[in-house]
Amino acid sequence: MEGRNETSASEFILLGLSEKPEQETLLFALFLGMYLVTVLGNLLIVLAISSDSHLHTPMYFFLANLSLVDFCLATNTVPKMLVNIQTKSKSISYPCCLTQMYFFHFFGIVDSVLIAVMAYDRFVAICHPLHYTTIMSPRLCGLLAGGPWGFSCFISLTHTLLMARLVFCGNQIPHYFCDLTPLLRLSCTDTSVNKIFVLIVAGMVIATPFICILASYARIIVAVMQVPSAGGRKKAFSTCSSHLSVVALFYGTTIGVYLCPSSVRTAVKEKASAVMYTAVTPMLNPFIYSLRNKDLQGALRKLINRKNTPSS
Numbered sequence: 000m001e002g003r004n005e006t007s008a009s010e011f012i013l014l015g016l017s018e019k020p021e022q023e024t025l026l027f028a029l030f031l032g033m034y035l036v037t038v039l040g041n042l043l044i045v046l047a048i049s050s051d052s053h054l055h056t057p058m059y060f061f062l063a064n065l066s067l068v069d070f071c072l073a074t075n076t077v078p079k080m081l082v083n084i085q086t087k088s089k090s091i092s093y094p095c096c097l098t099q100m101y102f103f104h105f106f107g108i109v110d111s112v113l114i115a116v117m118a119y120d121r122f123v124a125i126c127h128p129l130h131y132t133t134i135m136s137p138r139l140c141g142l143l144a145g146g147p148w149g150f151s152c153f154i155s156l157t158h159t160l161l162m163a164r165l166v167f168c169g170n171q172i173p174h175y176f177c178d179l180t181p182l183l184r185l186s187c188t189d190t191s192v193n194k195i196f197v198l199i200v201a202g203m204v205i206a207t208p209f210i211c212i213l214a215s216y217a218r219i220i221v222a223v224m225q226v227p228s229a230g231g232r233k234k235a236f237s238t239c240s241s242h243l244s245v246v247a248l249f250y251g252t253t254i255g256v257y258l259c260p261s262s263v264r265t266a267v268k269e270k271a272s273a274v275m276y277t278a279v280t281p282m283l284n285p286f287i288y289s290l291r292n293k294d295l296q297g298a299l300r301k302l303i304n305r306k307n308t309p310s311s
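Pasting the structure below:
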């Protein structure tokens, strides 16, 4: 038993998305393409918003933060998986595994809270338009954007410290990155404290923001339906449609992983859900937010044209 514990404490084996070697080439090409699109799309949005003074508003400030977090979330997991496929090595050291787990939950929590903050921003803009600039002051925007980073740092560090005290009797993780649930299954010591903390955190950073989003949009719908003109209602709803698409993608998968009973979860379902919120959602967010946003499209065009214009 001591030998097994020592081995599992030095490294883990990430089994990846598929154990069939013939599928790895396709997976490598697919996820490399997705990751490159994610990097390009999210960084372009951050650069476009920061370089265009017309977009220096609370809505775009939060969007730039979300794009940065999406980029970091994908970068924490996808490159390691690509390296493992390319080098045919599936091992990850124990310290690197805990580090990856820390940053995965760090950026995931920030992502979840920021999406709720963006819902609050839309609520204030539509339900209290005359007081929007007063309510969404630069100080409040800074607190709403910076608060999730500090909160997430504390929660993620607690998760990591609780995991570091466990003893593992195996080292094969049926996943493509180090996540809480697969690691807890490998432990041969009491994990009750970890599981209780997981439920508490899931309630705080998944269930609570999701309920706040639903409450915000309930108020928004009531306010929009009172707008006399059909054009005004359409314009108001169009400003929320992009955000609602992101809410459905992100919370639809995370709720399935962290709040559904363990009896209905399988390793395959967990990996499929993880792909959605670590790779697919960060890739789609830039398209979702820029597809119907003419201001952002204009800023992106100006940024691209500026890069393509040769300097004199």
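For the sequence shown, position 191 matches number 190 in numbering that gives the first Met the number 0, and the numbering has no gaps at all. We put the CB at the ideal spot given by N, CA and C, even for glycine. On a predicted model such as this, the values are computed, not experimentally measured, just so you know.
Counted within 10 angstroms of its Cβ, other Cβ atoms place residue i as buried (16 or more) or exposed
{"i": "S240", "result": "exposed"}
{"i": "R305", "result": "exposed"}
{"i": "P137", "result": "exposed"}
{"i": "D120", "result": "buried"}
{"i": "Y175", "result": "buried"}
{"i": "M58", "result": "buried"}
{"i": "D110", "result": "buried"}
{"i": "M224", "result": "exposed"}
{"i": "I172", "result": "buried"}
{"i": "S7", "result": "With a pLDDT of only 47 at S7, under the threshold of 50, the placement of this residue in the model should not be trusted, and no figure is reported."}
{"i": "G2", "result": "The pLDDT assigned to G2 is 41, lower than 50, so where the model puts this residue is not dependable; a value taken from the coordinates is nonetheless given after this. Under this definition G2 is an exposed residue."}
{"i": "T86", "result": "exposed"}
{"i": "L299", "result": "buried"}
{"i": "T188", "result": "exposed"}
{"i": "E5", "result": "Confidence is the limiting factor: at E5 the pLDDT is only 41, short of 50, which leaves the residue's position unreliable, though a coordinate-based value still follows. Exposed, because fewer than 16 other Cβ atoms sit within 10 Å of the Cβ of E5."}
{"i": "H127", "result": "exposed"}
{"i": "F103", "result": "buried"}
{"i": "G107", "result": "buried"}
Helix, strand or coil at residue i according to DSSP, with G and I counted as helix
{"i": "E18", "result": "coil"}
{"i": "S228", "result": "coil"}
{"i": "S272", "result": "helix"}
{"i": "S186", "result": "strand"}
{"i": "C177", "result": "coil"}
{"i": "M135", "result": "coil"}
{"i": "H55", "result": "coil"}
{"i": "H127", "result": "coil"}
{"i": "N83", "result": "helix"}
{"i": "N284", "result": "helix"}
{"i": "N292", "result": "coil"}
{"i": "M0", "result": "Confidence is the limiting factor: at M0 the pLDDT is only 40, short of 50, which leaves the residue's position unreliable, though a coordinate-based value still follows. Residue state, collapsed to three classes: coil."}
Beta-bridge partners of residue i, as assigned by DSSP
{"i": "F11", "result": "I91"}
{"i": "I172", "result": "L13"}
{"i": "F167", "result": "S186"}
CA nearest to the CA of residue i, picked from the options
{"i": "M100", "options": "L113, A73, Q85, V112", "result": "A73"}
{"i": "A278", "options": "L295, F249, I84", "result": "F249"}
{"i": "V68", "options": "P285, R164, I212, K89", "result": "P285"}
{"i": "V38", "options": "L179, V166, V77", "result": "V77"}
{"i": "V204", "options": "L290, L81, A163, V116", "result": "V116"}
{"i": "Q22", "options": "T132, L81, S66", "result": "L81"}
{"i": "I287", "options": "L54, S186, L65, S49", "result": "L65"}
{"i": "G146", "options": "L43, F61, T24", "result": "F61"}
{"i": "I212", "options": "A247, N193, L25, R300", "result": "A247"}
{"i": "P20", "options": "S9, K89, M33, A63", "result": "K89"}
{"i": "A118", "options": "L165, S191, T207, G202", "result": "T207"}
{"i": "T98", "options": "C187, N83, L160, Q296", "result": "L160"}
{"i": "L14", "options": "L165, I154, G169", "result": "G169"}
{"i": "K293", "options": "L156, F105, L54, F30", "result": "L54"}
{"i": "I199", "options": "T157, V267, A214", "result": "T157"}
{"i": "T56", "options": "I134, K268, L16", "result": "I134"}
{"i": "T280", "options": "G251, T190, N83", "result": "G251"}
{"i": "R164", "options": "Y216, S155, S151, S186", "result": "S186"}
Proximity test, residue i beta-carbon vs the ligand COA heavy atom, cut-off 6 Å
{"i": "F106", "result": "Although the ligand COA was asked about, the structure shown includes no ligands whatsoever."}
Supposed contact pair residue j and residue i - C-beta distance, whole angstroms, cut 8 Å
{"i": "I219", "j": "I114", "result": "Not really, about 15 Å apart at Cβ, beyond 8 Å."}
{"i": "A144", "j": "L302", "result": "With 8 Å as the limit, A144 and L302 do not qualify as a contact, their Cβ atoms being about 22 Å apart."}
{"i": "Y93", "j": "F11", "result": "7 Å"}
{"i": "K194", "j": "L183", "result": "7 Å"}
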